[in-house]
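Shown next, in C-alpha cells, is the structure this report addresses.
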Amino acid sequence: MPKAQKRKADGNQQLEQGKQLIDDDNNGSESSQFSSPIRDETPMIPRKKKNEGGPDEDVGQEMQKMLECFGADITKTMVAKRKRLEQLTQNSLKNTNKKVEDIWTTQKNERVKLQDEYNKQISNVLSQWESDIEKTKEQEEKLTLLFKQQQKLFQQARVVQSQRLKTVQQLHEQYSKGIGDLDKCHQSQHSTVQSEMKKEMSLLQKRILMDTQARVVQSQRLKTVQQLHEQYSKGIGDLDKCHQSQHSTVQSEMKKEMSLLQKRILMDTQQQEMANVRKSLQTMLF
C-alpha cells in the first residue's frame, strides 16, 4: 500500500510539472507575440500608417505580408512548444516507466521470495503431515491388530469361562445331589439306629421288669422265709446291689457304644464327601 501511494504521488507531481511547463510556454508565447521576439523567430513588422490617397493594392499586399509574418511566428512557436512537450512527456514517461519497472521488479522479487518461502514452508509442513499420517496409519493398523488379538483372546477366555461355569454348575448340582443323598442316607441311618436303640431299650426295660418281678417274687418268698433264711436274705441284698451296679455299668457301656457308632457314622460320611469332592476336582482338572 505505501509503495502504490508513492507511485501515485510521483505521477501526480510529474503531471503538475508538465502542466506548469505548458502554462509557462503559453505565457511566454503570448508575451513573445506582443513583446520582444524569440530566437529563430522573425521580427514583428510594424504596421505602416495608411496613406490617405494610396491604392487598394498596396493595402492588400501589406495585409498579406503581415498575415504571413504572423503565421510564420505562430507555426514556429507551436513547433517549439510541441518539441518541448514531447521532450517533457518522453522524459516523464521514461522516468515513470523506470520507476514502475523498478517497483515492479522489486515487488516481483519480493513476491518470488515470499512464494519460495511459502512453498518451502508448505512443503515442509506437507511432508511432516504425510509422515504423521503414515505414522498414524501404522499405529491404527497396529491398534487394529492388537484389538483383533485382544478380541480373539477375550472370546477364547469367554468360551473357557463359560465351559468352566458349566462344569462348576454341574459340580454344584452333583454336590447338591450328593448332599441330598447323604442327608437321606444319614436320616435313614439315624432312624435305623434310633429304632434299634428303641428296641434295645425296650428289651432292657423288659429285662429290668422281669428282674423287678423276680425281685418282688423273691422278696415275697424271702418275707415268708425271713425267719428261717436270714443269712439267705443278706446274700440276696448283696446280689441286688451287685445287679444294680451291673445295670449301671451296662447303661454306661451302651451310651459309650452309641457315641462311638455316631462318631463312626460321621467319619464315614465325611470320608465319602471328601472322596466325592476329590473326584469332582480331578474331573475339572483333567
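When you line the sequence shown up against UniProt numbering, it's residues 1 to 286, in that order.
No residue lacks a Cβ here, since even glycine has one placed at the ideal position from N, Cα and C.
Just so we're clear, the structure is a prediction, and the values are computed from it rather than from any experiment.
Note on geometry: alpha-carbon atoms of residue 213 and residue 241 lie some 16 Å from one another. Between residue 157 and residue 173, the alpha-carbon positions lie close to 24 Å from each other.
Sorting 268, 115 and 79 by C-alpha distance to the C-alpha of residue 189 places 268 at the top.
In this structure, the CA atom of residue 238 is about 28 Å from the CA atom of residue 257. The segment 247 to 265 makes no contact with the segment 159 to 168, as fewer than three CB pairs between them are under 8 Å. With fewer than three CB-CB distances shorter than 8 Å, the segment 191 to 202 does not count as touching the segment 173 to 182. Minimum Cα-Cα distance from residue 182 among the listed residues 62, 266, 159 and 280 corresponds to 266. Residue burial is scored here from C-beta neighbours: residue 77 has at least 16 other C-beta atoms within 10 angstroms and is therefore classed as buried.
Residue 271 has its alpha-carbon roughly 40 Å from the corresponding atom of residue 208. Distance from residue 193 to residue 261 at the Cβ level is roughly 7 Å; contact confirmed, criterion being Cβ atoms closer than 8 Å.
A straight-line Cα-Cα distance of about 20 Å links residue 100 and residue 86.
Close CB contacts of residue 196 within its chain, under the 7 Å cut and outside five residues either way in sequence, are absent.
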